[in-house]
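*Asks:*
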Amino acid sequence: MKSRRYPSNTEVPRYYGEFRKDVLSGKIPVCQTISLQMNRIDDRIRDPRYWYDPRPVEAFIRFCEKEMTQTDGSPIVMLESFKLWAEDLFGWWYITTRSVYVDGEFKEVRVLKRLTKKLFLIVARGAAKSMFDSFVQAYYLVVNPDTTHQVTLAPTMKQSEEVLSPIRTAIIRHPGPLLSFLTSVVSGYKGTSISRTNVAMLTPTKNGIENFITGSRLEIRPMTIHKVQGLRPFITTIDEWLSGDTREDVVGAIEQGASKQEDYIIIATSSEGTVRNGAGDEIKFELAKILSGEYQDPHTSIWHYQLDSIEEVANPRMWLKAQPNLGITVSYESYERDVKRAEAAPSTRNDILAKRFGIPMEGYTYFFTWEETLPRKTLSTYSNMSCALGADLSQGDDFCSFTFLFPLQDEYFGIKSLSFISERTLLNLPPAMRKKYDEFLKEDSLIVMPNTTVLNMEDVFNVLLEIIEKRRYNVECFGYDPYNADRFVELWKIYNGTFGIEVVRQGVRTESVPLGEIKKLSSQRKLVFDESIFSFAMGNCMVLVDNNGNSKLYKRRYEHKIDPVAALLDAYVVYVKYQELFK
Numbered sequence: 141m142k143s144r145r146y147p148s149n150t151e152v153p154r155y156y157g158e159f160r161k162d163v164l165s166g167k168i169p170v171c172q173t174i175s176l177q178m179n180r181i182d183d184r185i186r187d188p189r190y191w192y193d194p195r196p197v198e199a200f201i202r203f204c205e206k207e208m209t210q211t212d213g214s215p216i217v218m219l220e221s222f223k224l225w226a227e228d229l230f231g232w233w234y235i236t237t238r239s240v241y242v243d244g245e246f247k248e249v250r251v252l253k254r255l256t257k258k259l260f261l262i263v264a265r266g267a268a269k270s271m272f273d274s275f276v277q278a279y280y281l282v283v284n285p286d287t288t289h290q291v292t293l294a295p296t297m298k299q300s301e302e303v304l305s306p307i308r309t310a311i312i313r314h315p316g317p318l319l320s321f322l323t324s325v326v327s328g329y330k331g332t333s334i335s336r337t338n339v340a341m342l343t344p345t346k347n348g349i350e351n352f353i354t355g356s357r358l359e360i361r362p363m364t365i366h367k368v369q370g371l372r373p374f375i376t377t378i379d380e381w382l383s384g385d386t387r388e389d390v391v392g393a394i395e396q397g398a399s400k401q402e403d404y405i406i407i408a409t410s411s412e413g414t415v416r417n418g419a420g421d422e423i424k425f426e427l428a429k430i431l432s433g434e435y436q437d438p439h440t441s442i443w444h445y446q447l448d449s450i451e452e453v454a455n456p457r458m459w460l461k462a463q464p465n466l467g468i469t470v471s472y473e474s475y476e477r478d479v480k481r482a483e484a485a486p487s488t489r490n491d492i493l494a495k496r497f498g499i500p501m502e503g504y505t506y507f508f509t510w511e512e513t514l515p516r517k518t519l520s521t522y523s524n525m526s527c528a529l530g531a532d533l534s535q536g537d538d539f540c541s542f543t544f545l546f547p548l549q550d551e552y553f554g555i556k557s558l559s560f561i562s563e564r565t566l567l568n569l570p571p572a573m574r575k576k577y578d579e580f581l582k583e584d585s586l587i588v589m590p591n592t593t594v595l596n597m598e599d600v601f602n603v604l605l606e607i608i609e610k611r612r613y614n615v616e617c618f619g620y621d622p623y624n625a626d627r628f629v630e631l632w633k634i635y636n637g638t639f640g641i642e643v644v645r646q647g648v649r650t651e652s653v654p655l656g657e658i659k660k661l662s663s664q665r666k667l668v669f670d671e672s673i674f675s676f677a678m679g680n681c682m683v684l685v686d687n688n689g690n691s692k693l694y695k696r697r698y699e700h701k702i703d704p705v706a707a708l709l710d711a712y713v714v715y716v717k718y719q720e721l722f723k
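Next comes the structure, spelled out in structure tokens:
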């Protein structure tokens, strides 16, 4: 019987074939994004340009099971999910031509090269993602005879230690023959730059983990662009690039330098996050285009595990969609506890839905819980109804927000919001944030002033007045923060008179009491609004509390807009003062 010849451009990969069989039989449920990745692999199998070779995959698996250990020193049994990811990373090849100088002239030769350069792995917390990163880093650090520079990144330096920790444990335990040899103490070695005595050939150092035979090094770098630009790493693992508040595309910065290497590898692993509209979401939009076939990138592999809808949280059988290692690296009991906790403590709901089930949530809920930020459809347009108007005019190149507060029956309040931005502000938005602003524009809660760099308050006043008259709002009183408000207030007084106008200065003295009352109303769902922009602002709200228990509104970053809520606070303060006008 003849042995198989590899590579092959017709064979179905072993571990993918087993996985696909379980999916088609209904044994393993998969989400839409995993299904799209399976379609890409099926197309790859049929494409004669791509070749499959199981030998690098099996070599990687043998190395991990014989030479590596878990963080507690126990033996490794390779997970089926790890085999699937490794096969997608190491198993696929393609043929290209290269000019080689031979006998005084350049000749074109055919070369077999590894297909996958980047592996994106988005999977729920507890899937041992960092362990997979450790295996790949250790494999190339130990087995590769070339001198390589390998780096690992995470939001914090301590978090990066999760990748190096299993390698250090394996070096100490050295369960296999290869690590036993490399970690044995020798008295220097010839032909190298190492002249010290009593050193191990593979050992942790202050620079990371070094292989003194090949001169290769694995080190930790901060997850910032200016710390990784110019590097030429052969192997890069980026951990939790999506789950933290990361505002820089370090994946792109790393790839620019790594592309100088012949067969570089970038592995980006993360669980889903609760911080929206950052660099992570922009990368996800690009990955979604690749999965859907909007543009072709065969060198990028994407395994994005998540639930398809929030309703599937109640179905334990569907949890495998978000956590392929459920029951192995994390127990069903842990998931059950988190589901119960999300129901009992709504403030933890966003984090649990994102981290455990891969459902991207809309920002953190700090002052307002997730339920309180949900818009509710209302049939009322509030025409011919009395209202209090609050204004947060802020800076000329920032949000300029107005919130209308309509007192209803039984202490309910209707809310409508209107915000203005300059055209320059809109054009300078990153793609992920621009998509959110387009949603605001569609619902007519955001107005872009054309051909402007800085908002002109006279133009803002005229447009606002026109909208008030068009919607037939009866504005009884007007509250505003004085910052940058002089010209607008002057125009308001000329047109509407001076009665019912109040200054509401930002700070703990004026904000503490009304914030508490607004919180009580929102917790009882007595704030009725139907606009995404107001929901977005509520989701960004945080509150600073001093030693005396006084509180004031606070936003973490410039792009986390809370201006419509700040305008609501002004409207509520002036409503309370002129409450008799509404009876």
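Residue 141 is where the sequence shown starts when you use my numbering, and the numbers rise one by one after that.
Even for Gly, the Cβ is constructed at its ideal location relative to N, Cα and C.
Please read these numbers as outputs of a predicted model, since none were measured by experiment.
Do you know offhand how far Ser-559's Cα is from Asn-636's?
*Replies:* C-alpha separation (whole angstroms): 21 Å.
*Asks:* Determine the DSSP secondary structure at Ile-442, reduced to helix, strand or coil.
*Replies:* In the structure shown, Ile-442 sits in a strand (DSSP, three-state: E or B).
*Asks:* Buried or exposed, going by whether 16 or more other CB atoms sit within 10 Å of the CB of Arg-145?
*Replies:* Answer is exposed; the Cβ neighbour count stays below 16.
*Asks:* So the candidates are Phe-542, Leu-567, Arg-160, Ser-691; which of them puts its Cα closest to the Cα of Arg-180?
*Replies:* That would be Arg-160, whose Cα lies nearest to the Cα of Arg-180.
*Asks:* State yes or no: is the C-beta of Trp-232 within less than 8 Å of the C-beta of Tyr-190?
*Replies:* The answer is yes: Cβ separation under 8 Å.
*Asks:* Drop a sphere of 10 angstroms on the beta-carbon of Leu-252, count the other beta-carbons inside from all chains shown, and report buried for 16 or more, exposed for fewer.
*Replies:* It is exposed - the Cβ of Leu-252 has fewer than 16 other Cβ atoms within 10 Å.
*Asks:* Verify whether the separation of the beta carbon atoms of Ile-468 and Leu-219 is less than 8 Å.
*Replies:* It is a contact, given that the beta carbons lie within the stated cut-off.
*Asks:* Express the C-alpha separation of Cys-617 and Gln-719 in angstroms, rounding to a whole number.
*Replies:* The alpha-carbon atoms of Gln-719 and Cys-617 are separated by roughly 10 Å.
*Asks:* Is it true that the stretch 641–648 meets the stretch 665–677, where meeting means three or more beta-carbon pairs spaced less than 8 Å apart?
*Replies:* As far as the Cβ criterion goes, the stretch 641–648 does not touch the stretch 665–677, which means the pair count is below three.
*Asks:* Considering Cα atoms alone, identify which of Leu-605, Glu-551, Gly-498, Ala-484 is closest to Val-668.
*Replies:* Measuring from the Cα of Val-668, the nearest candidate turns out to be Glu-551.
*Asks:* May I ask you to report which of helix, strand or coil DSSP gives Glu-642?
*Replies:* Note: Glu-642 maps to strand in three-state DSSP.
*Asks:* Taking Leu-229 as the reference, which of Ile-406, Thr-414, Leu-514, Gly-157 has the closest Cα?
*Replies:* For the residues Ile-406, Thr-414, Leu-514, Gly-157, the minimum Cα distance to Leu-229 belongs to Ile-406.
*Asks:* In whole angstroms, give me the CA-to-CA distance for Thr-296 and Val-629.
*Replies:* If I take the Cα positions, the gap works out to 47 Å.
*Asks:* Who does Ala-707 pair with in a DSSP beta bridge?
*Replies:* Ala-707 is not bridged to any residue.
*Asks:* Which value, in whole angstroms, describes the spacing of the CA atoms of Pro-362 and Glu-198?
*Replies:* The alpha-carbon atoms of Pro-362 and Glu-198 are separated by roughly 33 Å.
*Asks:* Pull the bridge partners of Leu-252 from the DSSP assignment, please.
*Replies:* Answer is Ile-235, bridged to Leu-252.
*Asks:* What separation, rounded to the nearest whole angstrom, lies between the Cα atoms of Asn-284 and Phe-272?
*Replies:* For Asn-284 and Phe-272, the distance between alpha carbons rounds to 18 Å.
*Asks:* Return the first residue and the last residue of the beta strand (DSSP E) that Ala-419 is part of.
*Replies:* Here Ala-419 belongs to no beta strand (DSSP E); instead the alpha helix (DSSP H) covers 419–432.
*Asks:* Please go through the same chain and pick out, in chain order, the residues whose beta-carbon is closer than 7 Å to the beta-carbon of Tyr-241, but skip the five residues on each side of it.
*Replies:* For Tyr-241, where only same-chain residues beyond five positions count, there are no Cβ hits under 7 Å.
*Asks:* Would you mind reading off the limits of the alpha helix (DSSP H) that contains Tyr-279?
*Replies:* Unbroken alpha helix (DSSP H) run through Tyr-279: 269–283.
*Asks:* Compute the beta-carbon to beta-carbon distance between Tyr-192 and Glu-151, rounded to the nearest angstrom, for a pair I have assumed lies under 8 Å.
*Replies:* With 8 Å as the limit, Tyr-192 and Glu-151 qualify as a contact, their Cβ atoms being about 5 Å apart.
*Asks:* Where are the beta strand (DSSP E) runs, 3 residues long or more, that stay fully inside the stretch 581–657, in chain order?
*Replies:* Within the stretch 581–657, the complete beta strand (DSSP E) runs of at least 3 residues are 586–589, 614–620, 641–643.
*Asks:* Do three or more CB pairs link the stretch 202–212 to the stretch 311–322 at distances below 8 Å?
*Replies:* A contact exists between the stretch 202–212 and the stretch 311–322.
*Asks:* According to DSSP, is Cys-204 helix, strand or coil?
*Replies:* Here Cys-204 sits in helix by DSSP.
*Asks:* Under a Cβ-count criterion, where at least 16 other Cβ atoms within 10 Å of its own Cβ denotes burial, should Arg-665 be classed as buried or exposed?
*Replies:* Label assigned to Arg-665: exposed.
*Asks:* Using 10 angstroms around the beta-carbon of Asn-351, count the other beta-carbons present and answer buried if the total reaches 16, otherwise exposed.
*Replies:* Label assigned to Asn-351: buried.
*Asks:* Once the 5 residues before and after Glu-606 are set aside, which same chain residues still bring their CB inside 7 Å of it?
*Replies:* Hits under 7 Å: none found.
*Asks:* Taking the C-alpha atoms as reference points, what is the distance between Gly-331 and Ser-221?
*Replies:* Legend: pLDDT at Gly-331 = 49, less than 50; position of this residue unreliable, value from coordinates given subsequently. So the alpha carbons of these two residues sit roughly 41 Å apart.
*Asks:* With C-beta atoms as the reference, is Cys-681 less than 8 Å away from Phe-553?
*Replies:* Cβ atoms of Cys-681 and Phe-553: not closer than 8 Å.
*Asks:* Per DSSP, Val-242 forms a beta bridge with which residues?
*Replies:* Paired residue(s): Glu-245.
*Asks:* Cutting at 8 Å between CB atoms, please list the residues of its own chain near Thr-521, excluding the five before and the five after it.
*Replies:* Taken in chain order, the residues that qualify are Arg-611.
*Asks:* If you compare alpha carbons, which of Ile-641, Phe-425, Gln-172, Ala-706 is closest to Asp-626?
*Replies:* For the residues Ile-641, Phe-425, Gln-172, Ala-706, the minimum Cα distance to Asp-626 belongs to Ile-641.
*Asks:* Exposed or buried, Gln-172, counting other C-beta atoms within 10 Å across all chains shown (16 or more means buried)?
*Replies:* Flag for Gln-172 reads exposed.
*Asks:* Just mark Lys-701 as buried or exposed, buried being the case when its beta carbon has 16 or more other beta carbons within 10 Å.
*Replies:* Classification for Lys-701: buried.
*Asks:* Quick check on the burial criterion: 16 or more other C-beta atoms within 10 angstroms. Buried or exposed for Thr-376?
*Replies:* It is buried - the Cβ of Thr-376 has at least 16 other Cβ atoms within 10 Å.
*Asks:* Tell me the DSSP secondary structure of Arg-265 in three-state form.
*Replies:* Arg-265: coil per DSSP, three-state reduction.
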